[in-house]
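Have a look at the structure below, then the notes.
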């Protein structure tokens, strides 16, 4: 996720780096600006995600309206996942991220203005949900690719680990912050979120490409655009654009290592996504208060933070050992989660469930960065994220339906059994067991 000297910022810069060693991440200005802006933006999103359904309920007094708003955001993010990859491969990623954060700031800021002027209506909120959903895949893809442009290959694991810290930290702090701010006033969490996006815009604006990297980036994008234009001339219908958007899926599928890691993590994501819903229903059946339920589910974010510290250690294992170990441990933990032993037990098991997740996500990121050339990464990243999103949505939907007919314990055991089958299939496959950490390949090798 090796590339030519030009792609790493020019031959002179690479020569100097090899002689003196890479700059530590703590002194890498580009990485620090990107990470800081991302941290503020992610915290703002988590805060708004908690406050938004509360606002819809306050405005409409309709749980159905809140559900529709959430569905609009999720559906838009999934539908626009692949087009986001196409945009990230054809245009300047820094400029795209600036556009994304600006649109987010305008959308959330419009809620502040409408609330203050007493003109906030459901249609407005649905429009904001549409914009926020559309920006999610583009933001995630652009940030991922910008990370590689400011971090040398040997520091990639460390940088991706810090990204996991950012995500888990925001997941832990954002929801309670959103609820607390909403209690102070309907407009407060959205004002704070708007400010976080403005901080992100400032950080991205201050980022500067490495010497020679901008010129090379633009030349690469121009070459890619020329190829696309020629293809469009040969195929003037919409099928050429569709083929380009689907090319990331094709690249992912043709690379055995990327295919196996992506499908495996997609299955794990589908199995893990409904766990919070199942735990909430289980604890409600036990008569646990909503406050304690919130404490229990916070175990996931705490586990993610702790798991980020384990990434380097877990990556000493082979990819197959890491994935099989995760599948086996999650299967066992899901069975333990089914025991109705109260919120603190649930929090402890959820904490353990998340310990291996950061290492799994970083594994897939490293495979994408090392096995896919830069001019195709946006579409591949988007394809992988879309597959994960579809898996999570399908798993949550299925679990929600089954909860009307089965107990939480029965569903957790069924999921664990499915993961047990996946574990056995992986263990029985010689090709799966033989997977090794990839080396970087140049674009010309593809």
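In our numbering, the protein residues as written are 48 to 493. Just so you know, even glycine gets a beta-carbon here, dropped at the ideal spot from N, CA and C. Owing to the predicted nature of the structure, the values given are computational and were not obtained by experimental measurement.
Closest Cα partner of residue 149 within the set 249, 429, 167: 249
Classification of residue 447 by the beta-carbon crowding that lies within 10 angstroms, buried from 16 upward: exposed
In the DSSP assignment, find the alpha helix (DSSP H) that holds residue 462 and state where it starts and stops. 455 to 475
Spatial distance of residue 246 from residue 461 (CA atoms): 45 Å
What are the start and end residues of the alpha helix (DSSP H) that includes residue 75? Where residue 75 is concerned, there is no enclosing alpha helix (DSSP H), given that its DSSP letter is neither H nor E.
Secondary structure of residue 420, DSSP reduced to three states: coil
Measuring CB to CB, does residue 237 end up less than 9 Å from residue 98? yes
Using alpha carbons as the reference points, say which of 308, 193, 186, 215 lies closest to residue 483. 308
Does the distance from the CB of residue 179 to the CB of residue 440 come in under 9 Å? no
Distance check for residue 331 and residue 161, CA to CA, integer angstroms please. 36 Å
Leaving out five residues on either side along the sequence, give the residues of the same chain with a beta carbon under 6 Å from the beta carbon of residue 87. 243, 246, 247
For residue 430 versus residue 299, is the C-beta distance shorter than 9 Å? yes
Using the C-alpha atoms, what's the distance from residue 379 back to residue 253? 47 Å
Suppose contacts are defined by Cβ-Cβ distances below 9 Å. Is residue 226 in contact with residue 348 by that definition? no
Assuming residue 377 and residue 466 form a contact by the criterion Cβ under 8 Å, report the distance between their Cβ atoms to the nearest whole angstrom. 6 Å
Helix, strand or coil, according to DSSP, for residue 323 in the structure here? helix
According to DSSP, simplified to helix, strand and coil, what is residue 432? helix
Going by CA-CA distance only, name the one from 207, 89, 451 that's closest to residue 193. 207
Exposed unless 16 or more other CB atoms sit within 10 angstroms - verdict on residue 444: exposed
Assuming residue 106 and residue 177 are in contact, meaning their beta carbons sit under 8 Å apart, how far apart are those beta carbons, in whole angstroms? No, residue 106 and residue 177 are not in contact; Cβ-Cβ is about 17 Å, not under 8 Å.
Uninterrupted alpha helix (DSSP H) stretches inside the segment 294 to 348 (no shorter than 4 residues): 303 to 319, 322 to 332
DSSP-derived helix/strand/coil call for residue 204: helix
Same chain, Cβ closer than 7 Å to residue 83, neighbours up to 5 away in sequence not counted: 250
Leaving out the 5 sequence neighbours to the left and right, which residues in its chain are closer than 8 Å to residue 354 when beta-carbon positions are compared? 211, 215, 401, 402, 403, 404, 405, 406
If you count every other CB in all the chains shown that lies within 10 Å of the CB of residue 481, and 16 or more means buried, which is it? exposed
Would you grab the beta carbon distance between residue 381 and residue 343 for me? Rounded to a whole angstrom, and I think it's under 8 Å. Wrong, their Cβ atoms sit about 15 Å apart, outside the cutoff.
Local Cβ density within 10 Å of residue 153, reported as buried at 16 or more and exposed below that: exposed
Can residue 361 and residue 371 be called in contact, C-beta distance under 9 Å? no
If we ignore side chains and look at the alpha-carbon of each, how far apart do residue 333 and residue 171 end up? 39 Å
Per DSSP, what kind of secondary structure is residue 243 in: helix, strand or coil? helix
Residue range of the alpha helix (DSSP H) that residue 160 falls in? 140 to 163
Between residue 294 and residue 438, what straight-line distance do the alpha-carbon atoms span, to the nearest angstrom? 20 Å
Residues near residue 423 in its chain [Cβ-Cβ closer than 6 Å; skip 5 each side]: 298
Nonlocal neighbours in the same chain, by C-beta distance under 6 Å from residue 326, ignoring five residues either side: 393
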